[in-house]
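Trainee: The structure that follows is given in the form of structure tokens.
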Amino acid sequence: MFWPTELTSVQVLPELPNLKAIFDKKPVKGPENAKSIEYQPSPEKDPIIGSVTQPVYTESYKKHYARSGLHLPYAILTYRGLYLYDSRTGSPISAHIRSDNSIAKYGSNVKIRVSPCGRIFAVETSGNVALIYTIRTDLSDHEMLTVFNSDGFVLQNGLPLPRYRVVKHDEAYEDSGLNLDEGTANGFVQSLLKAFKPSTENETPVTDFGLRLRLILNVQSRLADFFFLSNLHIILVNKSPTAFQVVPLGKDKKITYLLAENLTWYPEEDRNADIIDFHYNYALHCFCWVNSLGKCWLAQVGKSKDITLLEPDALSGMCLYSGSEKAILTLISNSKGLVYVGLHDGRLLLFKIGNNGSSTLLKTINKPPNAGQLRHFSLSPDENTLIIQYSDGWTIHSFLGNLNFSTFEFDPLLISSPNDIRFIDYQNILLTHADKILRLKLSGLNFMSDLSSLAVNRPILFSADALRLFCGSNRSSAPDTLKSASEETLYNESRFADSWMLQTLPLAFTQRNSQVRASCANKRGTFFCVVGEKDVIVFDCKLHLWKFLDWKQEDILEQSASGRCHAFFSCLWYQDYLILSAREEVFVAENAEDPTFDPAVYVFPPSCLKSDAEFKIDSTVWNFKLPNAGKGARPNIISVDLDLSQSTLIVTTNEMSIYTWKIREKSADSAANIRASLIFEKLSLYQLKDAFKELENAMYNVRSVLLLRKTDLLILDGTSLFIVSKQAGTAQLSKYHISLVNNQVEYVQKLDQKTFLVFDGSKILHYSVIVDDLSSGTNLGVPVNINIGNEVESLESGSYDVESSGVTPYPLTTQQSDSTVYGVEVECYSDTKIRLVPTKKNYLDDIIDHQIWANIRVRKSDSMEALGITTVYRKMHKLPHFKYVLELLMVRYIQHVYEKKLFDSEDEYFDRLFELIKMTGKMYEILLNCLKKTEAQYWNVLFEKLGENARDIVGTLLHEDQNYKLSAHYLIIALNGEKHDDKLPKDGIESWSDTKLKAEDALLFRSIVQKLASARDYVTCFEMLHFLKLVDPKACTEVIKSIE
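If you count the sequence shown from 1, position 103 lands on 103 in the UniProt record's numbering, and the numbers rise without skipping.
Shown next as structure tokens:
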């Protein structure tokens, strides 16, 4: 989950030398007309028409990054030029400008794509030609560019960095000079070059990747779209007739094609329609396209089929959408099993894809007002954030649709209406105008990439160079270690000062790690850990010191040789014990015999986190290495969680095997000088692979596993939430009962053993466990809908229709102690003033309202589905804001009854709410606050339900309760209500200044004011006199004299 927080750079295209002059100086070989090649001047003034960023989410790109450690560049496209920019610094590094002759022959540039590995670019031209560009493939030999600043000073010396290697000749090794073959770097040249190469990794050198035009593909039929199937295959989508061609880019010259008319599942009318948008997903191996009829189709490739052969029986398709409003865009999220479909009217449809080929419409997201035409979708690398671009602006949504950011909320800015917008990596997005290139820095949410109960309870917002740690409901309740920090360094943003701590990340970490894989703080807030791609660091909140996990040098060399990057992916805390989890990455080099890291869980003691202690892998007090089943696919860890309420560690594998351990603390034996440690007692092993095979929504992409009750599991798989109950079977077999709770879940938060929350992208659902018999499975009551600001309409089909009046603060965490949802939103005052702002909302009103309606439906307080009103009061009256919530519910009720006369005609809701109000012992005080919060036109609704008017209440308060303060306020209410009801004489009076108080009312005023003055309640006296002066100045003067 990401939010924009800072505009870091605004660039234009780099100026280039006179290309014609350079060409004329070179000797020309070939025909005479080669000398007549011309270039239009000033290519830097050409309008930008497109861009493409690196597919950092693909396994092919990850494999490259693991081997080289380099971040590949992104590309900017003009009608004749292709520019490469360094993804870390934004520096221009390469350019290829086409001549006028090339434009005339092949057409101007139109669209650009990038291969899964990020090293091949394909450009479509208006002449129905595909131009294939490549960058350097031997990335083991870097070449740095000479970089100058605007004043001409050298910021980086450009020099080649060849590898001077030891090469084997016959049976002996000898020094043979410069050689680029694989081997161990050595020699005098290499040692000399090290003097010019930065010795610290705190610097980020700009690498020259080169750029070459390698291949020109002439397409016979008109090109509709194209995409990379792999690094060596590109698929072309043709028009008239609709067909698919797979063109190899390597040594293989065989081109395969498939006509749409050969697909038996593709209807006749669709075969003659052109494809207008096409998308291929590498992980799921499926196509999704939209045709000119406005239909959206999904085609899946058989598991044992070779997609490059394009055999008709290898594809099975289904129509996702064929409504009256035409579809125009589509996009696939493989990690969540979602397909996004954009309609011509700007609406967004979210479909859930089942593993049996079925599809379900989850929700419809309506576009913001005045957004214009829908133009483009873009998913973040982790697929947790969706950018939607319109003709007049753009928005950022969570992957299930919550509106996190919208340029339509602010005045027009430089960032408001780009031509194109894409994610560069996990920390930046790229925006292009016709003449400008912009980079926006992002802030992310930690538990979206590593979802754990501890991270949800204490979330962390992180950016490229800093993070914010949630301290609690307010700063005064935060742990002492978090409050002890300097206000200038940790609380320099006043809106975050109450509940968030700001901490800058070390420069050494930010330069080496472009992605925060996981971050988590312990329950007391004394430590927090950050896991990057290459480093693990821990911050001591008391000493304000960072500590790096120290790797052995031989481990680092093995890691580099095996072609694998850092394998830690999760961090947790049990008290002050750090729990790190490592898994085997899928992009191991082909020649790697054994992985550097075994899938394992490591537990580090608090002692190794001290400033003078060693923090190494061998410092662990306990570890668990995943057992290898032998031949076949090696099992891997995909999720690790910790249930603090039951002190249970939960480890989940990709084979759906779930291990659980009970954690116990072993006391220190001072006599034997044995340090305190932990005992991990193995509990249950859940083997759910066979059980999950039968589920339609199962994806084997487990994001979270929690314990519910003692033996039941709550499993979040993709966007589907399941409850797994272990049922006793035969002696050899235990059966599992698996039930679907919700199929659209962004995250789940466990509040206690019987309560958990689910955020579905539009609202929060509050679930409670209903247990009839502990031996049976878990039963859930009807969830409480907690509104966070979206207008959600549930349709008969089971899907949602969501309308957002504006940006909805994203709910980061919920605290049950004060019934509050804590969130965050973006404020944007200018292009340079973008900041995150914390929000909070009390949801107790939703809980009480739900219980009242449940009590009405059941009509008996002893039911498992509803609580009696007395029970509701007993459980909730001590919660903060309880009386305020009753006021709020009564105000809503009064307004609803006024607008809909037949609502609650039998007073069932009113009687229960009024009963709760009476139990507080502050009935008239609460009702008075309700009257003050509504207009006078609504007051009669309440008095009719009560069976008494304001004057009756004044009499009761004066003579029975002798509460003169409340009597004064109700007397003012009575007079205002009577005037509103036209009970005063109709003689042209339009304001209180034109009226006179009745004699009996004047006497009543005088009596109450005198009583209040005697009780020294001068505030209420002043309010009554102020009102009386507006009504009857003469009577007010007489009352004042009587007091004197």
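Just so it is clear, CB atoms sit at the ideal spot from N, CA and C, and this is done for glycine as well.
1. With distances taken Cα to Cα, identify the nearest neighbour of residue 709 among 703, 726, 701 and 700.
2. Label residue 250 either buried or exposed according to how many other C-beta atoms from any shown protein chain fall within 10 Å of its C-beta, with 16 as the threshold for buried.
3. Locate the beta strand (DSSP E) running through residue 397, then write down its first and last residues.
4. In the DSSP assignment, find the unbroken beta strand (DSSP E) run with residue 717 in it and report its ends.
5. Could you give the residue range of the beta strand (DSSP E) that holds residue 838?
6. So, using beta-carbon positions, are residue 781 and residue 768 closer together than 9 Å?
7. Mind the definition here: the stretch 1-21 touches the stretch 838-851 only if three or more C-beta pairs lie below 8 Å; say whether that holds.
8. If you count every other CB in all the chains shown that lies within 10 Å of the CB of residue 234, and 16 or more means buried, which is it?
9. Is the beta carbon of residue 3 less than 9 Å from the beta carbon of residue 824?
10. Straight-line CA distance for residue 643 to residue 706?
11. Enumerate in chain order the residues of its own chain whose CB-to-CB distance from residue 465 is below 6 Å, with the five nearest sequence positions on each side excluded.
12. Check the C-beta distance from residue 843 over to residue 786 and give it rounded, since I have them as a contact under 8 Å.
13. According to DSSP, simplified to helix, strand and coil, what is residue 37?
14. Mind checking which residues open and close the beta strand (DSSP E) that includes residue 469?
15. Taking a contact to mean a Cβ-Cβ separation below 9 Å, would you say residue 917 touches residue 971 in this structure?
16. Look at the alpha carbon of residue 621 and the alpha carbon of residue 763, and state the distance between them as a whole number of angstroms.
17. Going by CA-CA distance only, name the one from 332, 519 and 1025 that's closest to residue 456.
18. Are the stretch 218-234 and the stretch 93-103 touching, with three or more C-beta to C-beta distances below 8 Å?
19. To the nearest angstrom, how far is it from the Cα of residue 854 to the Cα of residue 746?
20. Ordered along the chain, which non-local residues of its own chain (more than five positions away) have a Cβ less than 7 Å from that of residue 54?
21. Can you pull the DSSP bridge partners for residue 853?
22. Three or more beta-carbon pairs under 8 Å between the stretch 242-259 and the stretch 300-310, yes or no?
23. Hey, out of 19, 702 and 618, whose CA is closest to residue 652's CA?
24. Would a C-beta distance cut-off of 9 Å place residue 283 and residue 334 closer than the cut-off?
25. Would you grab the beta carbon distance between residue 320 and residue 301 for me? Rounded to a whole angstrom, and I think it's under 8 Å.
26. Taking only three categories from DSSP, how would you classify residue 643?
27. Between residue 968 and the rest of its own chain, which residues show a CB-CB distance below 6 Å, the 5 nearest in sequence each way excluded?
28. Helix, strand or coil: which one does DSSP assign to residue 327?
29. Determine, using beta carbons only, whether residue 415 and residue 7 come nearer to each other than 9 Å.
30. Who does residue 318 pair with in a DSSP beta bridge?
31. Can you name, in chain order, every residue of its own chain whose Cβ lies under 6 Å from the Cβ of residue 820, other than the five neighbours on each side?
32. From residue 958 to residue 891, what distance separates their C-alpha atoms?
33. Which word fits residue 1002, buried or exposed, when buried means at least 16 other C-beta atoms lie within 10 angstroms of its C-beta?
34. Determine the extent of the alpha helix (DSSP H) in which residue 457 is found, giving its start and end residues.
35. Got a sec, what are the start and stop residues for the alpha helix (DSSP H) residue 930 sits in?
36. At which residues does the beta strand (DSSP E) containing residue 291 begin and terminate?
Mentor: According to the data block:
1. Of the candidates 703, 726, 701 and 700, the one whose C-alpha sits nearest the C-alpha of residue 709 is 726.
2. Exposed: under 16 other Cβ atoms inside 10 Å.
3. Start and end: 393-398.
4. First-last of the beta strand (DSSP E) with residue 717: 712-717.
5. That run of the beta strand (DSSP E) goes 833-842.
6. Closer than 9 Å, so yes.
7. In short, these stretches do not touch, since the Cβ pair count stays below three.
8. It is buried - the Cβ of residue 234 has at least 16 other Cβ atoms within 10 Å.
9. In contact: residue 3 and residue 824 (Cβ atoms closer than 9 Å).
10. Residue 643 and residue 706: Cα-Cα distance of roughly 7 Å.
11. Correct list, in chain order: 505 and 510.
12. Contact annotation, residue 843 with residue 786: C-beta distance approximately 4 Å; criterion of less than 8 Å satisfied.
13. Residue state, collapsed to three classes: coil.
14. Per DSSP, residue 469 is one residue of the beta strand (DSSP E) stretching across 466-470.
15. No.
16. Their backbone Cα atoms lie some 42 Å apart in a straight line.
17. The candidate whose alpha carbon is nearest that of residue 456 is 519.
18. Taking 8 Å as the limit for Cβ pairs, the verdict is that the stretch 93-103 does not touch the stretch 218-234.
19. Taking the straight line from one Cα to the other gives about 27 Å.
20. Around residue 54: 61, 72, 74, 87, 114 and 118.
21. In the DSSP output, where bridge partners are listed per residue, residue 853 has none listed.
22. Pairwise C-beta distances place the stretch 242-259 in contact with the stretch 300-310, as three or more of them are shorter than 8 Å.
23. When 19, 702 and 618 are compared, the shortest CA-CA separation from residue 652 is found for 702.
24. By the CB criterion at 9 Å, residue 283 and residue 334 fall inside the cutoff.
25. The pair is not a contact, with the Cβ atoms about 16 Å apart (cut-off 8 Å).
26. Residue 643: strand per DSSP, three-state reduction.
27. Same-chain partners within the cutoff: 1008, 1020 and 1024.
28. Here residue 327 sits in strand by DSSP.
29. The beta carbons of residue 415 and residue 7 sit closer together than 9 Å.
30. In DSSP, residue 318 forms a bridge with 298.
31. Excluding sequence neighbours, residue 820 sits near 840 and 842.
32. Just so you know, the alpha carbons of residue 958 and residue 891 end up roughly 25 Å apart.
33. Classification for residue 1002: buried.
34. Per DSSP, residue 457 belongs to the alpha helix (DSSP H) from 453-457.
35. That run of the alpha helix (DSSP H) goes 923-932.
36. It spans 286-291 - the beta strand (DSSP E) in which residue 291 sits, taken as one unbroken run.
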